[in-house]
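Below: one structure, written as structure tokens.
Protein chains in written order, with the numbering used here: chain A, 1134 to 1411; chain B, 15 to 315.
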């Protein structure tokens, strides 16, 4: 299995499309950080206004932690899109390029090949988010500095620097798991078709439609909401609550895990039955 | 038998691609698989290699059913199905190493098969820089990678120039002499006749005929040899009564004899002993004649 994963990673590394995500983040993050450096006063004033009645604020609360927290809040459509660029290709590209005529005639089960492709896609997903963390936390720390993290969400939470690092690590870990669900959804579509564009469009369509349904305050949509997997995407936020709601995190991850398992089972069923005619 | 198909049937929608196909490929044979476009050759080969599931029937390779054991039944099989496609952004060598890794094949085999297919010096180059012929040779190289006992080749000379075709033909004969059974589908009848010991012909998914090429030619009365002699009438009279002559006709003063390849020497000897001068003996029968006689009308159905 490790050999198969190695193969899939070689393919991902060799594909130019895999680098779009990294390229995009390498442009986007410096731009955002530059914006924060030059517009931090404005954001600092907003925070001080919120905190002013309760706390005496000394120094600048705007640091790499707060910047990362804000960035993570804004990228929930963009990061899935970058992930689908690789996940959409994972199965479909081998079909359209005729690679399956070579690989699926060998004495390796289709299930093993599919599992290796999925795990390689997960590795890509994790790498992309770690790269994102590198920019926002790593480079961000050099540019904006570090300090306490102050978050405002149904109350004010102040985390000292050492706690902030731990919470950020937990938050990015949860974000990786969430994005793995997105990758699995795209992977499922990829197993169904022979071109990579369909899975990308299908995945993004489902995510955007789900967000739209969640955003419309109608009773009928509110009833549907618990069944939308995007509802549980915000699990990474729970890393910034005090105390950390492990039960809630476990429940959300469990639901996302069930969705992922469902998507993967469908992918397996389709792929094992699939006639390779290309 | 190294490979057998039993009652193999496959439909795509309402169209029957393969219907109740029974084939038996003897160990060590070079088996040609012929048929017009759309006759079901590729579908049959894809079923044999587990790329397509049949609606009915099964493929048995070395006693293991491909349908029951899945890809595990293909452990001694090397296959090249139609065009050889690889990861173009990777080198030929990396592509083969990836395939070797899948099967747990020793990496030293990679260079061996690259050398054997004439790509030894180009292995490091990216596949996108290869010509069609080189890609096809890389396709044969990957089929040989796991030291197969059975090689299934679907149109292996596609895109090759005459020199490349000859090289592939020679390679196939060489592999056969090493004991590898080869099942080959091709449109090039002349090529099939040159290298194959057995042949099967299908049309519209149905098996039309199968067996040893020589037997099929003899049985179909198509094994003809053109003989130029100085006394045509005497020669006809002499040969007509021989039990090993299936047919004897004259056309423009030239004899057309239906005779097995092994009896040509006997025939010449007999004519010479009876003071008939023989100026030329030209084997005229081709697989093409058999193909056209069998499929010329079938494919019109």
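Glycine included, C-beta positions come from ideal geometry on N, C-alpha and C.
Subject >> residue 1258(A) and residue 1312(A) closer than 8 Å at C-beta >> reply: Here residue 1258(A) is taken as the residue at index 125 of the first chain, counted from 1. Here residue 1312(A) is taken as the residue at index 179 of the first chain, counted from 1. Yes; because the gap between Cβ atoms is below 8 Å, this pair is in contact.
**OP:** Could you check the C-alpha separation between residue 313(B) and residue 121(B) for me, to the nearest Å?
**Re:** Counting from 1 along the second chain, the entry for residue 313(B) is found at position 299. Counting from 1 along the second chain, the entry for residue 121(B) is found at position 107. Any answer about residue 313(B) is weak, because its pLDDT of 47 lies below 50 and its placement is not dependable; what the coordinates show is given next. Their Cα atoms are separated by approximately 46 Å.
**OP:** Rounded to whole angstroms, what's the CA-CA distance from residue 167(B) to residue 270(B)? Just pull it up for me.
**Re:** By 1-based counting over the second chain, the position of residue 167(B) is 153. By 1-based counting over the second chain, the position of residue 270(B) is 256. When the Cα atoms are used, residue 167(B) and residue 270(B) turn out to be separated by approximately 36 Å.
**OP:** Tell me where the alpha helix (DSSP H) around residue 254(B) begins and ends.
**Re:** Locating residue 254(B) in the second chain gives position 240, counting from the first residue. Residue 254(B): member of the alpha helix (DSSP H) spanning 246–254, first to last residue.
Subject >> Start-to-end residues for the beta strand (DSSP E) that takes in residue 1107(A) >> reply: Absent from the model: residue 1107(A). The displayed extent of chain A is 1134 to 1411, so no value can be given.
**OP:** Taking residue 95(B) as the query, report the chain A residues whose CB atoms sit under 9 Å from its CB, ordered along the chain.
**Re:** Here residue 95(B) corresponds to residue number 81 of the second chain, with the count starting at 1. What residue 95(B) touches in chain A: 1231, 1234, 1235, 1238 and 1409.
Original post:
Using a C-beta to C-beta distance shorter than 7 Å, which residues of chain D count as neighbours of residue 1137(A)?
Top reply: Looking at the structure shown, chain D is missing, and the protein chains on hand are A and B.
**OP:** Report the residue from 124(B), 244(B) and 184(B) whose alpha carbon sits nearest the alpha carbon of residue 44(B).
**Re:** Here residue 44(B) refers to the residue found at position 30 of the second chain. Just measuring C-alpha positions, the residue of 124(B), 244(B) and 184(B) sitting nearest residue 44(B) is 184(B).
Subject >> Neighbour-count burial assignment, residue 315(B), 16 or more Cβ in a 10 Å radius >> reply: Residue 315(B) sits at position 301 when you count from the first residue of the second chain. Unreliable positioning characterises residue 315(B) in this predicted model, as indicated by a pLDDT of 34, which lies under 50. The coordinate reading is nonetheless provided below. Residue 315(B) should be labelled exposed.
Subject >> Best match in 1153(A), 1393(A), 1354(A) and 1233(A) for proximity to residue 1264(A) [C-alpha to C-alpha] >> reply: The residue given as residue 1264(A) occupies position 131 in the first chain. Proximity to residue 1264(A) across 1153(A), 1393(A), 1354(A) and 1233(A) peaks at 1153(A), based on C-alpha coordinates.
Original post:
Closest Cβ-Cβ distance between residue 1147(A) and chain B: below 8 Å?
Top reply: Numbered from its first residue, the first chain carries residue 1147(A) at position 14. It does; some Cβ of chain B falls within 8 Å.
**OP:** Classify residue 1156(A) as buried or exposed, calling it buried when 16 or more other Cβ atoms lie within 10 Å of its own Cβ.
**Re:** Here the question's residue 1156(A) lines up with position 23 in the first chain. Exposed: under 16 other Cβ atoms inside 10 Å.
**OP:** State the start and end residues of the unbroken alpha helix (DSSP H) segment that holds residue 1141(A).
**Re:** Mapped onto the first chain, residue 1141(A) falls at position 8. Residue 1141(A): member of the alpha helix (DSSP H) spanning 1135–1147, first to last residue.
Subject >> Same chain, Cβ closer than 6 Å to residue 1289(A), neighbours up to 5 away in sequence not counted >> reply: Along the first chain, one-based indexing puts residue 1289(A) at 156. Taken in chain order, the list of residues that qualify is empty.
Subject >> Cross-strand partners of residue 72(B) (DSSP beta bridge) >> reply: Start at 1 with the first residue of the second chain, and residue 72(B) comes out as number 58. In the DSSP output, where bridge partners are listed per residue, residue 72(B) has 20(B).
Subject >> residue 1239(A) versus residue 1282(A) - alpha carbon distance >> reply: The residue you call residue 1239(A) lines up with position 106 of the first chain. The residue you call residue 1282(A) lines up with position 149 of the first chain. Distance between the alpha carbons of residue 1239(A) and residue 1282(A) is about 54 Å.
Original post:
What residues from chain B crowd round residue 1140(A), counting only those whose CB sits closer than 8 Å?
Top reply: Position 7 of the first chain, counting from 1, holds the residue named residue 1140(A). Residue 1140(A) reaches chain B at 112, 115 and 116, counting residues in chain order whose Cβ is nearer than 8 Å.
**OP:** Step through the CB atoms of chain B and report whether any lies within less than 8 Å of the CB of residue 1242(A).
**Re:** Translated into positions along the first chain, residue 1242(A) becomes position 109. Chain B places a beta carbon closer than 8 Å to that of residue 1242(A), counting this residue as a contact.
**OP:** Could you tell me the distance, in whole angstroms, from the CA atom of residue 1135(A) to the CA atom of residue 1390(A)?
**Re:** Working through the first chain from its first residue, we reach residue 1135(A) at position 2. Working through the first chain from its first residue, we reach residue 1390(A) at position 257. Here the C-alpha atom of residue 1135(A) lies approximately 23 Å from the C-alpha atom of residue 1390(A).
**OP:** For my contact list, residue 147(B) and residue 118(B) are in at a C-beta cut-off of 8 Å; report their separation, rounded to the angstrom.
**Re:** Start at 1 with the first residue of the second chain, and residue 147(B) comes out as number 133. Start at 1 with the first residue of the second chain, and residue 118(B) comes out as number 104. No, residue 147(B) and residue 118(B) are not in contact; Cβ-Cβ is about 30 Å, not under 8 Å.
Original post:
Would a check of beta-carbon distances place residue 224(B) closer than 8 Å to chain A?
Top reply: Working through the second chain from its first residue, we reach residue 224(B) at position 210. Interface annotation, residue 224(B): not in contact with chain A, CB-CB separation never under 8 Å.
**OP:** Please confirm whether residue 74(B) and residue 163(B) have their CB atoms less than 8 Å apart.
**Re:** Walking along the second chain from the start, residue 74(B) turns up at place 60. Walking along the second chain from the start, residue 163(B) turns up at place 149. Taking the C-beta atoms as reference points, residue 163(B) is found no nearer than 8 Å to residue 74(B).
**OP:** Answer yes or no: does any C-beta atom of chain A fall closer than 8 Å to that of residue 86(B)?
**Re:** Looking up residue 86(B) in the second chain gives position 72. Cβ-Cβ to chain A under 8 Å: yes for residue 86(B).
Original post:
How far does the beta strand (DSSP E) with residue 215(B) in it reach, from first residue to last?
Top reply: Numbered from its first residue, the second chain carries residue 215(B) at position 201. Taken as a continuous stretch (DSSP letters only), the beta strand (DSSP E) holding residue 215(B) covers 212–217.
Original post:
Which chain A residues sit within Cβ distance under 8 Å of residue 104(B)?
Top reply: As a position in the second chain, residue 104(B) is number 90, starting the count at 1. Neighbours of residue 104(B) on chain A, chain order: 1143, 1144 and 1147.
Original post:
Over what stretch of residues does the alpha helix (DSSP H) that includes residue 12(B) continue unbroken?
Top reply: Chain B is shown from 15 up to 315; residue 12(B) falls before or after that span and cannot be answered.
**OP:** Report the rounded CA-to-CA distance for residue 1366(A) versus residue 1329(A), giving the unit in angstroms.
**Re:** As a first step, residue 1366(A) must be located in the first chain, where it is residue number 233. As a first step, residue 1329(A) must be located in the first chain, where it is residue number 196. The alpha-carbon atoms of residue 1366(A) and residue 1329(A) are separated by roughly 24 Å.
**OP:** Below 8 Å on the Cβ atoms is my guess for residue 1322(A) versus residue 1335(A); work out the distance and round it to an integer in Å.
**Re:** Residue mapping note: residue 1322(A) aligns to position 189 of the first chain, counting from 1. Residue mapping note: residue 1335(A) aligns to position 202 of the first chain, counting from 1. Contact holds; Cβ gap of about 4 Å.
Subject >> Inter-stretch contact (C-beta, 8 Å, three-pair minimum) for the region 1220–1233 of chain A and the region 1395–1411 of chain A >> reply: Yes, the region 1220–1233 of chain A is in contact with the region 1395–1411 of chain A.
Original post:
Using Cβ-Cβ distances below 8 Å, what residues of the region 54–81 of chain B are close to chain A?
Top reply: The residues in question are 60, 63, 64, 65, 66 and 67.
Original post:
Checking contacts by CB at 8 Å: is residue 266(B) closer than that to chain A?
Top reply: Along the second chain, one-based indexing puts residue 266(B) at 252. Judged by the 8 Å Cβ criterion, residue 266(B) is not in contact with chain A.
**OP:** For the region 209–218 of chain B and the region 240–255 of chain B, state whether three or more C-beta atom pairs, one from each stretch, are separated by less than 8 Å.
**Re:** Verdict: no, contact absent.
**OP:** Provide the residue span of the beta strand (DSSP E) that contains residue 263(B), from first to last.
**Re:** As a position in the second chain, residue 263(B) is number 249, starting the count at 1. Counting along the chain, the unbroken beta strand (DSSP E) around residue 263(B) starts and ends at 259–265.
**OP:** Name, please, each residue of chain A whose Cβ falls closer than 8 Å to the Cβ of residue 108(B).
**Re:** Within the second chain, residue 108(B) is the residue found at index 94, counting from 1. When 8 Å is used as the limit between beta carbons, residue 108(B) is near these residues of chain A: 1143, in chain order.
Original post:
What residues are listed by DSSP as bridge partners for residue 270(B)?
Top reply: Walking along the second chain from the start, residue 270(B) turns up at place 256. Residue pairing by DSSP places residue 270(B) opposite 240(B) and 263(B) in a beta bridge.
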